[in-house]
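Heads up: the first sequence begins at 49 in this note's numbering, then just goes up one per residue.
A quick write-up on the structure given underneath.
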Amino acid sequence: MRLKSLPFFLRAIKAKKLKLDKKTTTEVKTSSPVKTESKAKKTKKEKEETSDEPPKKKKKGEEEQEVWRWWEEQREDTNIKWDFLEHKGPVFAPKYEPLPKNVRFYYDGKPMELTPDTEEVATFYGRMLDHDYTTRDVFNTNFMKDWRKVMTDEEKAKITDLKKCNFTEILDHFKKKSEERKNLSKEEKQAIKKENEEIVQIYGYCKIDKHVEKIGNFKIEPPSLFRGRGDHPKQGMLKKRVNPEDVIINCSKDSKIPEPPAGHKWKEVRHDNTVTWLASWTENIQGATKYVMLNAASKLKGEKDMKKYETARALHKCVDKIRATYQEDWKSKVMLVRQRAVALYFIDKLALRAGNEKEEGETADTVGCCSLRVEHLKLREEKGGKNYVVEFDFLGKDSIRYQNSIPVEKRVFKNLQLFMENKQPEDDLFDRLNTSILNKYLQELMEGLTAKVFRTYNASKTLSEQLELLTNGEDGVAAKMLSYNRANRAVAILCNHQRAVPKTFEKSMENLQNKVSFIRSANFPFSVGKNSVERP
DNA sequence: TCCCTGACTTAGCATCCCTCCT
DNA sequence: AGGAGGGATGCTAAGTCAGGGA
């Protein structure tokens, strides 16, 4: 399957012939406008779609909204995102429910009663006791500092050492509660489910330009301890409760303005139709704005997604020229041009991210292409029988380690030597370059071209090439699935998509081994495939 | 040009929930 | 029925990129 035939692939997915693996397809997934459903429902629906019989009458409450086939409509390119927008506002986190009296917190071996605010924050820590986070110094220090801020003077005077705090009864309490929830009767579970569905019915949808569309995240993030990834300097800090007074509502003037919860006011109600968000608030850890936005299957998101792939297709048409240009630029007399050319080569060849600058000490120390430092690569004139090898070793987005050795053209190698000359390990490799310069240049090469388009393009191309290579028209469904998973895996490797080894890994591996042994001994004629790139 | 910020996408982890097997 | 397995979904952190102001 070549790139130009990708629309067929999209259609196949829309028709739900293939299931996409979320892990490996972010760069290549489609904006499938048909909402995803559970496997069982899919099978049922597929039957309905392919059957000649009229669809069976749906039970009450099961009627589906007719799908708005926005992707078949004419699109206009404007920064106006909507003409009408009405919604009920976000759902706030439930109020804190104090612990029952028999669940105690101990300080220095003695039970200690906490005021509700202090207790609430203690429960955030208590329920994370089993997690690796609570073994980290940074997490604990940050937690203690923020916890003390909510304590009364009396509590503050007493609770000074986290090591003397015992939260185990709190953890046990929540474990017990979750166990109880699991053991509820079918009817009780149904009742809870129904209640949740009612909330979704009210708050989970909005009316936008005569269409009802699903909201992606209508629930405001509950208070908790900040779980920054990797070596995050702010991990363990208290993420505060968000109140209506913190929330800005965005909707159209002529809509029914959402009611704030009783006794509360919104921070602001605005009517800005140049943006897609319905509500926003500022989070207290990094000061970043959080948004309530539409679901991925909505027109607003889907159209944007579609455009992304169109841009990638446009790149396909001129990528040869761009590659020739940057190879030529490796010889440039201007240092910036050389650096830009080598950086672009990495972005293209290795699917690296752009690499914006980050404020030191505010986040984990991670880098992308433009922010690579001398310490992140090693140059080997010869390695494993290959010449001019570059070894990369750095932490990328989400502190996922990127480790890769690649042979490069001699000219690239010599350039890298030049860029690294007389520099300290912590110095920038591309000291003349940043993402802004790079993207401005890319914009000159092609309208809408930015660094991330290369990732989308190369991921999509890899997937389609792999599918072409691995599949055979006569293959059965199982074989097609296997090929599809393998193709996806190739994309995961290219994009360095990784996931932690699941906690139950060893157990399930053992079970799998047993099955394999059994199958081998019985001489079964089939193989088992798995597609995930797990971290070592 | 630099810096900051707002808006939006990308992506890993947690949890839910369905299916299949015992 | 109960539990394991694993995909789907939910949640939210962490990126990208553009635009505006100094």
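Glycine included, C-beta positions come from ideal geometry on N, C-alpha and C.
Computed from a predicted structure; not experimentally measured.
Query	Result
Look at the alpha carbon of residue 444 and the alpha carbon of residue 504, and state the distance between them as a whole number of angstroms.	17 Å
With DSSP as the reference, identify every bridge partner of residue 431, one or two as the case may be.	434
Could you compute how far the alpha carbon of residue 78 sits from the alpha carbon of residue 194?	Caution applies to residue 78, whose pLDDT of 33 falls short of 50 and renders its modelled position unreliable; the model cannot decide the point.
Could you name the residues that DSSP lists as bridge partners for residue 442?	450
Just curious, the alpha helix (DSSP H) that residue 188 is in, first and last residue?	185-198
Which residues does DSSP pair with residue 343 in a beta bridge?	In DSSP, residue 343 forms no bridge with anything.
What residue ranges within the region 290-361 form continuous beta strand (DSSP E) runs of no fewer than 3 residues, ordered along the chain?	296-298, 316-318, 327-330, 337-340
Just to confirm, is the Cβ distance from residue 133 to residue 220 under 9 Å?	no
In its own chain, which residues sit with a C-beta less than 7 Å from the C-beta of residue 439, not counting the 5 before and 5 after it?	425, 426, 428, 453
For residue 272, does the three-state DSSP call read helix, strand or coil?	strand
Confirm, please, whether the CB-CB distance from residue 291 to residue 312 is below 9 Å.	yes
Report buried or exposed for residue 124, applying the criterion of at least 16 other Cβ atoms within 10 angstroms of its Cβ.	exposed
Taking 9 Å as the threshold (C-beta atoms), are residue 373 and residue 391 in contact?	no
Does DSSP classify residue 139 as helix, strand or coil?	strand
With DSSP as the reference, label residue 405 as helix, strand or coil.	coil
Please confirm whether residue 375 and residue 457 have their CB atoms less than 9 Å apart.	yes
Going by the CB atoms, is the gap between residue 473 and residue 415 shorter than 9 Å?	no
Can you tell me whether DSSP reads residue 93 as helix, strand or coil?	Note that residue 93 scores a pLDDT of 32, beneath 50, so its modelled location is shaky; the value from the coordinates is reported in the next line. Reduced to three states, the DSSP call for residue 93 is helix.
Does the Cβ-Cβ distance between residue 305 and residue 326 come in under 9 Å?	no
So what's residue 478 in DSSP terms, helix, strand or just coil?	coil
Give the DSSP-derived three-state secondary structure of residue 506 in the structure shown.	helix
Look up residue 155 in the DSSP assignment and say whether it is helix, strand or coil.	strand
Which whole-angstrom value is the C-beta distance of residue 186 and residue 264, which I expect to be below 8 Å?	At roughly 31 Å, the Cβ-Cβ gap does not stay under 8 Å, so residue 186 and residue 264 are not in contact.
Do residue 233 and residue 360 come within 9 Å of each other at the CB atom, strictly closer than that value?	no
Are there 16 or more other CB atoms within 10 angstroms of the CB of residue 254, so buried, or fewer, so exposed?	buried
Within a Cβ cutoff of 8 Å, which residues of the same chain sit near residue 381, ignoring the five residues on either side of it in sequence?	none
Hey, quick one: how far does the alpha helix (DSSP H) through residue 543 stretch, first residue to last?	525-543
So which of 273, 317, 261 has the shortest CA-CA distance to residue 182?	273
Going by DSSP, what residue range makes up the beta strand (DSSP E) through residue 585?	Because the chain here runs from 49 to 584, residue 585 falls outside it and cannot be looked at.
Given a cut-off of 9 Å on the beta-carbon distance, is the pair residue 137 and residue 308 in contact?	yes
Out of 156, 529, 405, 131, state which residue places its alpha-carbon closest to the alpha-carbon of residue 302.	131
When burial is assigned at 16 or more other CB atoms within 10 Å of the CB, is residue 70 buried or exposed?	Residue placement at residue 70 is flagged as unreliable, the pLDDT there being 36, under the threshold of 50; a coordinate-derived value is accordingly withheld.
How is the alpha helix (DSSP H) around residue 120 delimited, first residue to last?	Where residue 120 is concerned, there is no enclosing alpha helix (DSSP H), given that its DSSP letter is neither H nor E.
Rank 342, 345, 395 by C-alpha distance to the C-alpha of residue 367 and give the top, closest one.	395
Where do the ends of the alpha helix (DSSP H) carrying residue 415 lie?	Taken as a continuous stretch (DSSP letters only), residue 415 belongs to no alpha helix (DSSP H), as it is neither H nor E.
On the DSSP letters alone, give me the boundaries of the beta strand (DSSP E) that residue 259 sits inside.	259-262
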